[in-house]
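J.: First the structure, which I've put down as structure tokens, then a few questions once you've had a look.
Numbering (the numbering used here), first residue to last: 3 to 881.
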């Protein structure tokens with residue numbers, strides 16, 4: 003995967019080489035951060051290359067107590083580092099410590115018994131959100147105090163029991179100083195460029211108004227704190243490889259929140275997922291009390307048990323928790339605070355304060371972990387042994403049918419492999435189990451390629467969380483989505499079994515393909531799965547003329563479905579060109595067939611107008627401060643990293659100057675487009691569509707078009723306000739869709755109905771909320787937008803928006819009907835609205851098309867089954 007290289011300071015060229023294990027001369031003095039950097043920590047922000055250089059210098063000076071490893075690179079080419087700090091004795095046997103830890107977790111079977119007397123592993127992760135940089139500053143201080151304290155020279159933590167020298171005898175500390183270097187430097191470089199000689203604490207000052215897309219996310223505007231399980235980004239993929247190689251007992255994830263909030267630390271808020279053990283809950287409290295002891299001593303404000311829950315499985319606290327660790331989030335007030343900001347209570351919050359608080363919770367966490375090393379290892383061992391011997395959950399095994407619609411099962415198997423979840427091929431038999439789609443017991447016969455995943459394995463709890471059909475939520479007020487059942491995410495047919503199955507372990511088998519003769523009339527490739535869209539994208543860029551069949555046909559006794567790609571041999575005069583196409587199809591795992599004649603047995607002949615040319619679309623997307631950066635990032639990432647197809651990013655503020663005629667497809671990601679409220683801009687865009695342009699509107703952009711008389715109408719706009727969930731992806735204030743009947747009934751109530759308890763305000767908001775729930779969408783798979791799908795699709799609803807059915811001027815490609823709810827939390831009022839309406843549609847407008855996507859089919863890039871739907875809209879609709 004290519005990186006976008008960033009210029010690096012000359013003095014760092016020697017340290018930013020491949021895999022790093024820094025060794026130096028023992029006895030060198032460990033430099034304090036201010037000595038090395040030339041300024042006191044907290045007096046300015048440190049760029050990522052300076053952080054790297056400092057960690058390198060400490061590793062050289064204390065090579066007997068610290069090892070530094072580069073574990074990957076970001077999209078922009080910045081290094082990702084892990085620092086391992088231990089006593090000299092433990093550092094020498096670091097690899098054996100790691101292996102023993104995997105034996106405790108049941109992940110290493112080498113005939114050696116697991117030892118519960120080894121060191122506890124504490125992993126501290128800093129700065130996953132780039133514009134929350136105080137933790138990276140704290141990481142340097144934490145490193146310095148641990149390393150010099152391990153040599154008996156520390157005084158900063160002398161008031162803490164034992165100190166680093168004692169802790170590191172039975173503890174290995176792992177520090178990731180900056181999970182998101184690209185976002186970190188986007189923020190820091192911007193801030194350093196706008197701050198004056200002295201920071202201005204006025205919240206209205208420019209230095210507290212970070213511009214779009216802000217530094218929270220990585221290069222492609224992905225929130226890496228929601229990517230732990232899915233691993234869609236290269237930073238996550240590299241980090242989780244290391245994490246799963248170690249599996250620490252304690253993991254703390256460092257963040258910042260709004261600067262008016264006091265510090266937050268464990269124990270977490272409800273809901274806790276039911277797989278979380280009593281010990282994990284208990285130790286969260288122990289760490290919280292230890293943190294509180296030091297915060298009380300300094301008079302620092304803090305809170306616990308509010309807002310930050312342990313439910314959604316892809317956070318930096320939950321993913322470790324579901325893998326046997328004590329996973330925690332620590333949140334310091336500080337987003338947009340810069341070096342200093344005045345808070346609502348009149349105090350000035352400084353960077354030096356923020357890093358000090360993070361430093362204290364880090365040292366406190368190491369201290370209490372060291373004190374309870376024996377119990378932590380014992381409970382860690384018991385956690386995995388229990389998963390093997392007595393796995394919990396509704397099912398003993400999960401059965402997933404082979405994918406008859408493309409490469410979805412292949413992608414799921416890769417997902418399991420990344421998370422070290424064991425699976426095998428199902429033996430031939432007749433099975434009985436609970437059907438995920440219907441919720442009822444079903445009987446079926448196995449087919450070649452079906453897989454089974456037994457629950458009695460080390461990752462049993464993670465497996466259970468990821469595959470549970472219905473998430474059991476103890477509190478409806480949660481921080482993120484409430485449904486993520488992997489079979490629905492991938493669009494696969496799944497069953498829960500009441501007994502284990504002895505599956506055949508997967509083996510690396512070379513796929514074989516039938517030979518395709520040179521003397522064919524045309525080549526045919528089935529349109530099914532993202533891999534077929536990737537193949538098409540490569541052909542179009544190579545200038546190959548590609549057509550697709552709008553209707554099924556049969557040739558030489560072989561049936562071909564709608565969407566089948568056809569490449570006429572006459573357009574491939576060179577034999578090498580034909581070989582390239584065949585090889586490219588096999589590269590993407592696609593079978594390519596030869597068709598001997600344009601005269602087919604059934605259906606339209608290959609020269610019919612029902613076999614349509616795919617003209618290479620010139621694709622553009624609006625970006626900028628009117629667009630949700632993370633939603634735009636999903637589209638950008640899909641084109642660049644998965645389709646490898648060009649896309650032009652345009653600034654929405656320049657809509658008046660854009661020559662729309664230079665593009666064939668325009669994508670409006672989730673956002674609020676002020677420019678579209680300008681009648682001249684809206685009319686220019688409509689004229690472009692009428693002349694053959696294709697407009698793809700997503701989520702809130704659909705609502706905006708509905709208000710702008712484009713031809714789509716929201717269902718019943720009267721009613722209560724709704725909110726979009728998913729961790730504040732879009733804020734409150736969304737208009738709901740209460741029915742007229744509900745409104746009339748409400749109006750008839752007596753005046754006492756207006757009396758509301760202030761303490762119930764959050765619960766009342768929840769009645770209208772849809773914080774990420776799964777709904778079944780009925781598809782018209784005869785329309786190009788739904789080619790490659792069965793007659794249904796599972797969507798992730800994040801709001802109560804649903805639209806009126808389209809009539810003669812458009813097509814209702816994806817609709818929800820009554821009883822479409824599948825999984826996740828939906829407020830009672832919202833659930834009433836979510837029925838009998840349009841979710842995905844295509845409107846005819848002159849010679850062009852408007853594609854409406856009320857839900858996000860690319861959600862965080864892990865909603866795999868939606869990607870082909872989006873590709874259909876880009877490449878097939880309107881051709």
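Virtual Cβ for every residue (Gly too), placed ideally from N, Cα, C. It should be emphasised that the depicted structure is a prediction, and the values quoted were computed from it without experimental measurement.
Going by CA-CA distance only, name the one from 390, 579, 588 and 796 that's closest to residue 488.
T.: Considering only alpha carbons, the answer is 796.
J.: Between residue 237 and residue 74, which are expected to be in contact by the criterion C-beta below 8 Å, what is the C-beta distance as a whole number of angstroms?
T.: That belief holds up - the Cβ atoms of residue 237 and residue 74 are roughly 7 Å apart, short of 8 Å.
J.: Which residues share a DSSP beta bridge with residue 799?
T.: Partner(s): 775.
J.: So the candidates are 340, 456 and 286; which of them puts its Cα closest to the Cα of residue 394?
T.: It is 456 whose Cα lies nearest to the Cα of residue 394.
J.: Please name the residue, chosen from 76, 623, 252 and 336, that lies closest to residue 655 on a Cα-to-Cα basis.
T.: Closest by alpha carbon: 623.
J.: Based on Cα-Cα distance, which residue from 317, 281 and 279 lies nearest to residue 242?
T.: Closest option to residue 242, Cα to Cα, is 317.
J.: Alpha carbon to alpha carbon, how far is residue 42 from residue 51? Give it in angstroms, no decimals.
T.: The straight-line gap from Cα to Cα measures roughly 17 Å.
J.: Grab me the residues of residue 660's own chain with a C-beta within less than 7 Å of its C-beta, minus the 5 sequence neighbours each way, in chain order.
T.: Same-chain partners within the cutoff: 652.
J.: Are residue 671 and residue 708 closer than 8 Å when you measure CB to CB?
T.: No. Outside cutoff.
J.: Specify whether the region 63 to 73 and the region 137 to 152 touch according to this definition: at least 3 beta carbon pairs, one from each stretch, less than 8 Å apart.
T.: The region 63 to 73 vs the region 137 to 152: in contact.
J.: Determine whether the beta carbon atoms of residue 687 and residue 706 lie at a separation below 8 Å.
T.: Not in contact: residue 687 and residue 706 (Cβ atoms no closer than 8 Å).
J.: Can you tell me whether DSSP reads residue 649 as helix, strand or coil?
T.: Reduced to three states, the DSSP call for residue 649 is coil.
J.: Contact check, residue 632 vs residue 76 under 8 Å by CB: the rounded distance?
T.: Contact doesn't hold; Cβ gap of about 17 Å is too wide.
J.: For residue 604, which residues of its own chain have a beta-carbon under 7 Å away from its beta-carbon, when the five flanking residues on both sides are left out?
T.: 555 and 556.
J.: Taking residue 90 as part of the beta strand (DSSP E), name the residues at either end of that continuous run.
T.: Where residue 90 is concerned, there is no enclosing beta strand (DSSP E), although the alpha helix (DSSP H) it sits in stretches over 90 to 94.
J.: Contact criterion: CB-CB distance below 8 Å. Does residue 319 meet it with respect to chain C?
T.: Note that chain C does not occur in the displayed structure, where there is just one protein chain.
J.: In three-state DSSP terms, what is residue 592?
T.: Correct three-state label for residue 592: coil.
J.: Quick check on residue 439: does DSSP put it in helix, strand or coil?
T.: Three-state DSSP puts residue 439 in coil, outside helix and strand.
J.: Where does residue 585 sit, in a helix, a strand or coil, going by DSSP?
T.: Note: residue 585 maps to helix in three-state DSSP.
J.: Please state the DSSP three-state secondary structure of residue 643.
T.: Helix at residue 643.
J.: I need the straight-line Cα distance from residue 828 to residue 822, nearest angstrom please.
T.: Whole-angstrom Cα-Cα distance: 12 Å.
J.: When you compare each of 369, 577, 344 and 664 to residue 262 by their alpha carbons, which one comes out closest?
T.: Minimum Cα distance to residue 262 is reached at 344.
J.: Does residue 232 come out as helix, strand or coil in the three-state DSSP assignment?
T.: Three-state DSSP puts residue 232 in coil, outside helix and strand.
J.: Once you ignore the five residues that flank residue 390 on each side, which residues in its own chain have a CB closer than 6 Å to its CB?
T.: Taken in chain order, the residues that qualify are 108 and 458.
J.: Taking 6 Å as the limit between beta carbons, can you name the residues of its chain near residue 599, skipping five residues before and five after?
T.: Around residue 599: 523.
J.: Mind reading off the beta-carbon distance from residue 137 to residue 256? Whole number of angstroms is fine, and I expect it under 8 Å.
T.: Confirmed, about 4 Å.
J.: Please report how far the alpha carbon of residue 858 lies from the alpha carbon of residue 95, in whole angstroms.
T.: Approximately 48 Å, taken between the alpha carbons.
J.: Smallest Cα separation from residue 526: which of 110, 561 and 139?
T.: Selected option, being the one with the closest Cα: 561.
J.: Just to confirm my understanding: we take residue 35, look at its own chain, exclude 5 residues before and 5 after, and list those with CB closer than 7 Å. What are they?
T.: If we look at residue 35 and ignore the five residues flanking it on each side, its Cβ neighbours are 43, 56, 142, 143 and 146.
J.: Where do the ends of the alpha helix (DSSP H) carrying residue 144 lie?
T.: Unbroken alpha helix (DSSP H) run through residue 144: 136 to 152.
J.: For residue 792, which residues in the same chain have their Cβ closer than 6 Å to its Cβ, ignoring the five residues on either side in sequence?
T.: Answer for residue 792: no residue qualifies.
J.: Alpha carbons only, please: which of 135, 323 and 606 is nearest the one belonging to residue 352?
T.: Residue 135 is the option with its Cα nearest to residue 352.
J.: Compute the beta-carbon to beta-carbon distance between residue 592 and residue 533, rounded to the nearest angstrom, for a pair I have assumed lies under 8 Å.
T.: Between residue 533 and residue 592 the Cβ distance is about 6 Å, and since that is below 8 Å, they are a contact.
J.: Threshold first: 3 residues or longer. Then list the beta strand (DSSP E) segments lying entirely within the region 545 to 570, N to C.
T.: The region 545 to 570 contains these whole beta strand (DSSP E) runs: 548 to 551, 555 to 557, 560 to 562 and 567 to 570.
J.: Within the region 349 to 386, note down every full beta strand (DSSP E) run reaching 3 residues or more, in order along the chain.
T.: Runs of the beta strand (DSSP E) inside the region 349 to 386: 350 to 352.
J.: Residues in the same chain with beta-carbon distance under 7 Å from residue 837, minus the five sequence neighbours each way, listed in chain order, please.
T.: Closer than 7 Å at the Cβ level, and outside the excluded window around residue 837, lie 818, 819, 820 and 822.
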